[in-house]
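A.B. asks: Residues 23 to 212 in the working numbering are what the sequence shown spells out, letter by letter.
C-beta atoms are modelled at their ideal positions from N, C-alpha and C, and glycine is treated no differently.
Fair warning: this is a prediction, and the values are worked out from it, not measured in the lab.
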Amino acid sequence: VEVAREFCGRGFRCHGIQGDLSRIDELEDVFSRAVDALGGLDIIVNGAGVQRRYRSEEFPTAEWDFVINVNLNSVWKLCQLAGRHFLENDGGKIINIASMLSFLGGYTVAAYAASKGGVAQLTKALSNDWAGKGIQINAIAPGYMATDMNTALMDPANPRYQQITDRIPAHRWGTPDDMKGICVFLASPA
Numbered sequence: 023v024e025v026a027r028e029f030c031g032r033g034f035r036c037h038g039i040q041g042d043l044s045r046i047d048e049l050e051d052v053f054s055r056a057v058d059a060l061g062g063l064d065i066i067v068n069g070a071g072v073q074r075r076y077r078s079e080e081f082p083t084a085e086w087d088f089v090i091n092v093n094l095n096s097v098w099k100l101c102q103l104a105g106r107h108f109l110e111n112d113g114g115k116i117i118n119i120a121s122m123l124s125f126l127g128g129y130t131v132a133a134y135a136a137s138k139g140g141v142a143q144l145t146k147a148l149s150n151d152w153a154g155k156g157i158q159i160n161a162i163a164p165g166y167m168a169t170d171m172n173t174a175l176m177d178p179a180n181p182r183y184q185q186i187t188d189r190i191p192a193h194r195w196g197t198p199d200d201m202k203g204i205c206v207f208l209a210s211p212a
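Laid out in structure tokens, this is it:
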């Protein structure tokens with residue numbers, strides 16, 4: 023809401039709709055309010071993500087459920103709602119944010135890896151269902167990103183920081199700015 027207000031102050035048309043992605047039962051209302059505020063929908067980017075770190079044998083079920091709800095179940099529900107809208111309105115574009123952990127297991131992040139693997143497979147399944155109906159759906163699977171989610175790993179005192187950085191071909195962690203180009207491309211007619 024604050025970011026929307028800031029953009030409006032700079033002359034852009036922008037709306038902030040607040041919702042809790044861990045509450046799947048609330049998403050239909052949040053989605054409807056967003057579509058109403060925008061006057062329609064052409065593109066949706068499912069980019070939210072959370073992570074919890076526990077040894078797998080100690081992972082609390084409540085934390086597992088939270089990660090799965092935010093990272094996978096909300097993506098499913100928002101894709102479904104957008105798909106229904108697009109089927110009635112001559113198509114649209116869905117861009118989901120997966121992760122390199124869609125394909126790799128990671129350490130102490132079983133729920134995150136499972137959820138992002140689910141996002142990758144969900145994207146493929148929905149593409150099969152909707153590609154012939156004017157709905158283009160893709161997933162972006164970034165590698166290690168310099169975000170608040172990875173603060174502990176990005177600490178140079180953490181031995182994993184250098185191990186991870188050395189494995190990255192560019193020898194630097196990705197930034198949110200690195201996502202802009204591919205997201206705009208996938209949202210475009212190109």
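1. Counting C-beta neighbours from all protein chains within 10 Å, is the total for residue 133 16 or more, i.e. buried, or is it exposed?
2. Counting along the chain, where does the beta strand (DSSP E) carrying residue 161 start and finish?
3. So the candidates are 102, 199, 201 and 119; which of them puts its Cα closest to the Cα of residue 151?
4. So if DSSP puts residue 116 in a beta bridge, which residue, or which two residues, is it bridged to?
5. Whole-angstrom Cβ separation of residue 162 and residue 119, contact assumed at under 8 Å?
6. Who are the near neighbours of residue 81 in its chain, counting only those whose CB is closer than 7 Å to its CB and skipping five residues on each side?
7. Measuring alpha carbon to alpha carbon, tell me which residue in 196, 68 and 88 is nearest residue 75.
8. For residue 121, collect the residues of the same chain with a Cβ closer than 6 Å to its Cβ; drop the 5 residues on either side in sequence, then sort them by chain order.
9. Under 6 Å Cβ to Cβ from residue 66, same chain only, skipping five residues before and after it: list those, please.
10. Flag residue 47 as yes if its beta-carbon sits less than 8 Å from any beta-carbon of chain B, otherwise no.
11. With a Cβ-Cβ cutoff of 8 Å, do residue 60 and residue 97 count as a contact?
12. Using the Cα positions of residue 213 and residue 111, report the straight-line distance between them to the nearest angstrom.
13. Return the first residue and the last residue of the alpha helix (DSSP H) that residue 85 is part of.
14. Taking 8 Å as the threshold (C-beta atoms), are residue 114 and residue 93 in contact?
15. If we call anything under 8 Å between Cβ atoms a contact, is residue 63 one with residue 107?
16. CA-CA distance, residue 129 and residue 33?
17. Roughly how many angstroms separate the alpha carbons of residue 77 and residue 30, rounded to a whole number?
C.D. replies: A quick look at the data gives this:
1. So residue 133 counts as buried.
2. Annotation for residue 161: the continuous beta strand (DSSP E) segment containing it runs 157-162.
3. 102
4. 66 and 159
5. 6 Å
6. Excluding positions up to five away in sequence, the list reads 132 and 133.
7. Here the closest residue by C-alpha is 88.
8. 138 and 163
9. 104 and 116
10. The structure shown contains no chain B; it holds only a single protein chain.
11. no
12. No answer is possible for residue 213: it lies beyond the span of the chain, which begins at 23 and ends at 212.
13. 83-90
14. no
15. yes
16. Those two C-alpha atoms are separated by around 44 Å.
17. 44 Å
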